[in-house]
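Take a look at the structure below.
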Amino acid sequence: MSVVSDPLPDKGNGAIPPDSLREESPKQKWAITAEALEKFLAVLSPDYEEAGKQYEALRIKLIRYFEWKRCDRAEELADLTLDRIVRKIDEGQIITNLKAYTASVAKFIALENLPEPLEPIEDHLGALPVVEARHDDDDPDPQVICFDRCLDELPPENRKLLLAYYQDQGRDKIDNRIQLAERLSIPLNALRIRVFRIKKALEKCIGKCLGVASIPK
Amino acid sequence: MAEPRNSETLAKQFLLGKLAPELVDSFEESLFTDDAVFEEVEISEDDLVEAYVSDELSPEERKQFERTLLRSPRLAQRIQVTKRLLMKASPPPVHIQKQTMSWWARLKAMLLPPAGSGRLAFAATALVLLVGSSILFMDWLRLRETSKTWQSERTALEKRNEELLAEQNRTSVEQDRLRKDVEAVRAENSKLTEQLEREAERPSLSTILLALTLGPGISRAPAESHTLNLPATPARIQFNLLLGSDAYVSYKAVVTTIGGREISQQSNLKSHTKGANKIVSIVLSSTRFTPGDYLVTLSGVTKSGQVDQVDDYQFRVRTASTPR
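Protein sequences appear in the order of chains A and B.
Using the working numbering, read the first sequence as starting at 7 and increasing by one per residue.
Using the working numbering, read the second sequence as starting at 12 and increasing by one per residue.
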């Protein structure tokens, strides 16, 4: 959690002051306290453990939201959003619909942090953090090792379903998925959701295996 | 929640930044209020990843998706996972062998014993031999390649070494030549200097002779009587060194600057009488001096050849423009 120096803009005038005008004096700065956080968690759920889970889920939603809005530093913005909400609650504001309120705060923060216009896409693709699979038998790629290991660790029926889902290309792929759904007696969209959840578990395992905590959120 | 297909379409439009402006606010709010919508966007994102990897996006969609991708290491990682899943699920097609009998099959039929345990043993032995010889052959190929590389590197190094030796020889010859040139120039210079001095010191009618009588002793500022004003034209200077006592067979005078640089050295000098004094005289060309302080160290040589320090004499040289 960070120090909040920029409270939610006043909805009354609707104006969002430029960053340069938004700096407050040190006196006005607000730092999160354990007490403030507890008030916030109490709004999420009366059960402390459940509140902790909801807090994490909300944070991940915020991170995804800022990623999808193409903001840089999605995690920082997610924390900033949470800090602002915690502050409002700490200051005594009554929030009846926390999730909707979170959406509106996140929207403002996204507007304040609009992505920089990108240069031609080709200039950036070289810098993508994509690690290509290597084919050196003497020095195997840890990503490949982790992928294989985690795939093996999946329950057999899930592994089979995952690989079956990704078979074929083009029209054959669509037909294959329709047949899979029929065989499992579930709608195609349910198959899609089921496979996505298995894939998410696989990614989580790969992330752990590689020691990259941020991947499987 | 909307119908699945509709929800999927909205999610995809949202991810590609194509959602109608009037729908953006409510859709974004539902991301937080409705877990199903949030999951649908996550799944649609995964669909986009798969379509991206399979090259199934339109150029515009691809461009839009890459804009999100650029900011997300998580998506970059997901692309890798999806690629591997696709590769694992659909391995490259294997070419099926023709049903017609190949030369290998015919050869095998000729060589192999009929089916049964003997055939199995034969096949196992053949397999071991084949694998072993393949490994050996591969090793041999690798060693041959390594050897070739080393050979070419060695040749290049030898060539470079030869070039360096030749270069060193050339440099050495050049250095010798330069050293000889320097020596020749020095010899010539020395010869000319001597010639000049001889010319200057040779008595002639046209050469001015100046005399400076010096008493023994050293002081911080030599007396005016110990000061030589350099003439505008070269002249011979006779330095008369006053002796306290005349106890030596001969004398040796060494003239140096005050800093110790030797100007002249004259030996086998005899004392002679001038008025009531005994003196030793040395004659030097005025061209040897530049303005500054000088020292004459006089040593005496006894009958037995022993050399004793006699006295030091100090004098100052200046030009007409030198400040006093």
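Ideal Cβ placement from N, Cα and C applies to all residues, glycine included.
Just so it is clear, the structure is predicted and the values come from calculations on it, not from any experiment.
8 angstroms Cβ cutoff met for residue i and residue j
i: P233(B); j: L253(B); result: no
i: D323(B); j: T308(B); result: yes
i: L239(B); j: L220(B); result: no
i: A100(B); j: L169(A); result: yes
i: I184(A); j: L194(A); result: yes
i: G311(B); j: Y262(B); result: yes
i: R89(B); j: V60(B); result: yes
i: L88(A); j: R65(A); result: yes
i: T330(B); j: Y305(B); result: no
i: I115(A); j: V49(A); result: no
i: D78(A); j: R82(B); result: yes
i: L241(B); j: V328(B); result: yes
i: L117(A); j: C156(A); result: no
i: L280(B); j: I290(B); result: no
i: V92(B); j: F153(A); result: yes
i: Y107(A); j: I101(A); result: yes
i: S230(B); j: Q325(B); result: yes
i: Q276(B); j: V260(B); result: no
i: F38(B); j: L26(B); result: no
Listed by chain order, chain B residues near residue i by CB distance under 7 angstroms
i: R198(A); result: I54
i: K214(A); result: Near K214(A) there are no residues of chain B at all, since even the closest Cβ is about 13 angstroms away, more than 7 angstroms.
C-beta neighbour in chain B for residue i, strict 8 angstroms
i: A106(A); result: yes
i: Q175(A); result: yes
i: L208(A); result: yes
i: Y61(A); result: no
i: Y71(A); result: yes
i: K166(A); result: no
i: F46(A); result: no
i: D78(A); result: yes
i: L131(A); result: The predicted position of L131(A) is uncertain, since its pLDDT is 48 and thus under 50; a value taken from the coordinates is nonetheless stated next. Yes, contact with chain B.
i: I127(A); result: Only weak support is given to the placement of I127(A): the predicted model assigns it a pLDDT of 48, under 50, and the value that follows is read from those uncertain coordinates. True, the Cβ-Cβ gap to chain B drops below 8 angstroms.
Coil, strand or helix - residue i by DSSP
i: G303(B); result: strand
i: L216(B); result: The predicted position of L216(B) is uncertain, since its pLDDT is 45 and thus under 50; a value taken from the coordinates is nonetheless stated next. In this structure, L216(B) counts as coil in the three-state DSSP scheme.
i: I38(A); result: coil
i: S18(B); result: helix
i: N119(A); result: coil
i: I248(B); result: strand
i: D316(B); result: For clarity, residue 316(B) is Gly in the given sequence; the question names Asp instead. Here G316(B) sits in coil by DSSP.
i: L34(B); result: helix
i: T330(B); result: coil
i: N103(A); result: coil
i: L241(B); result: coil
i: Q173(A); result: coil
i: A21(A); result: Unreliable positioning characterises A21(A) in this predicted model, as indicated by a pLDDT of 33, which lies under 50. A coordinate reading is not provided.
i: V266(B); result: strand
i: G228(B); result: strand
i: K289(B); result: strand
i: I192(A); result: coil
i: V294(B); result: strand
i: E273(B); result: strand
i: A222(B); result: strand
i: S236(B); result: helix
i: L154(B); result: helix
Partners in chain A for residue i, counting only beta-carbon separations shorter than 8 angstroms
i: K99(B); result: L157, L169, Y172
i: F25(B); result: W74
i: D57(B); result: F202, K205
Any C-beta of chain A under 8 angstroms from that of residue i
i: K109(B); result: With a pLDDT of only 45 at K109(B), under 50, the local geometry of the prediction cannot be trusted, and no value is derived from it.
i: R82(B); result: yes
i: S69(B); result: no
i: F43(B); result: yes
i: E40(B); result: yes
i: F148(B); result: no
i: T79(B); result: yes
Residues that residue i contacts on chain B, provided the C-beta gap is smaller than 9 angstroms
i: F153(A); result: Q91, V92, R95, L96, K99
Chain-ordered neighbours of residue i on chain A, where CB pairs are closer than 7 angstroms
i: E156(B); result: The premise fails here: E156(B) is roughly 16 angstroms from chain A at the closest Cβ pair, so nothing lies under 7 angstroms.
i: F76(B); result: Within 7 angstroms Cβ-Cβ: nothing; F76(B) doesn't reach chain A, min ~10 angstroms.
i: S65(B); result: Q175
Per DSSP, cross-strand counterpart(s) of residue i
i: D322(B); result: L309(B)
i: S261(B); result: V312(B)
i: S282(B); result: V291(B)
i: L253(B); result: I290(B)
Residue i Cβ short of 7 angstroms to the ligand HEM heavy atom set
i: F25(B); result: This structure lacks the ligand HEM; in fact it carries no ligand of any kind.
Task: chain E contacts from the stretch 85-115 of chain A (Cβ-Cβ distance under 7 angstroms) - done: Of the protein chains in the structure, A and B, none is chain E.
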